[in-house]
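K.L.:
Before I ask anything, here is the structure I am working with.
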Amino acid sequence: FTITGSVAAGDDQLNILVTDVLGQVVYTGKRNIQNGSVNEQVALPGNAANGIYLVTLTSGGDRVVFRMVVDK
Numbered sequence: 006f007t008i009t010g011s012v013a014a015g016d017d018q019l020n021i022l023v024t025d026v027l028g029q030v031v032y033t034g035k036r037n038i039q040n041g042s043v044n045e046q047v048a049l050p051g052n053a054a055n056g057i058y059l060v061t062l063t064s065g066g067d068r069v070v071f072r073m074v075v076d077k
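Here it is in C-alpha cells:
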C-alpha cells in the first residue's frame, strides 16, 4: 500500500507501525519526510493473513491511526 499526504512543518521523520487486531506487530518502519510531504510505498510481509490491520503513523507530536483490510 502507499502512504501519501503532508505533515506539519519541521517534522522530518514518519514512523509507521502496522498491527493486527490482536495487537501483534506486523510491520515497523521509519521514513524521511521531504519538503513536508510523504509518498511512501509499504510492503507487508508475504505471510500477512487476510483480515483487519491498524496502521499507526506518528510524526513529531502528531499521531493518526487508519484501519486497513487485507484480502488476498
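Just so you know, the numbering used here puts the end of the sequence shown at 77, numbered straight through with nothing missing.
Note that the Cβ used here is the ideal one computed from N, Cα and C, for glycine as well.
Tell me the DSSP secondary structure of L49 in three-state form.
P.N.:
In the sequence shown, counting from the first residue as 1, residue 49 sits at position 44. In the structure shown, L49 sits in coil (DSSP, three-state: anything other than H, G, I, E or B).
K.L.:
If the criterion is Cβ atoms closer than 8 Å, does the pair V31 and G56 meet it?
P.N.:
The residue labelled residue 31 in the question sits at position 26 within the sequence shown. The residue labelled residue 56 in the question sits at position 51 within the sequence shown. No, the pair does not count as a contact, with Cβ atoms beyond the cut-off.
K.L.:
I need the straight-line Cα distance from T7 to S64, nearest angstrom please.
P.N.:
For this step, residue 7 is matched to residue 2 along the sequence shown. For this step, residue 64 is matched to residue 59 along the sequence shown. Cα to Cα, the separation comes out at about 17 Å.
K.L.:
In the DSSP assignment, find the beta strand (DSSP E) that holds G34 and state where it starts and stops.
P.N.:
As a working note, residue 34 is residue 29 in the sequence shown. Start and end: V30 to N37.
K.L.:
Taking C-alpha atoms, which residue in V23, Q39 and G41 lies nearest to T33?
P.N.:
Indexing the sequence shown from 1 puts residue 33 at position 28. Considering only alpha carbons, the answer is V23.
K.L.:
Quick one: what's got a C-beta closer than 8 Å to K35's C-beta in the same chain, skipping five residues either side?
P.N.:
Residue 35 sits at position 30 when you count from the first residue of the sequence shown. Excluding positions up to five away in sequence, the list reads Q18, L19, N20 and I21.
K.L.:
Going by the CB atoms, is the gap between G66 and V43 shorter than 8 Å?
P.N.:
Here residue 43 refers to the residue found at position 38 of the sequence shown. Here residue 66 refers to the residue found at position 61 of the sequence shown. Not closer than 8 Å, so no.
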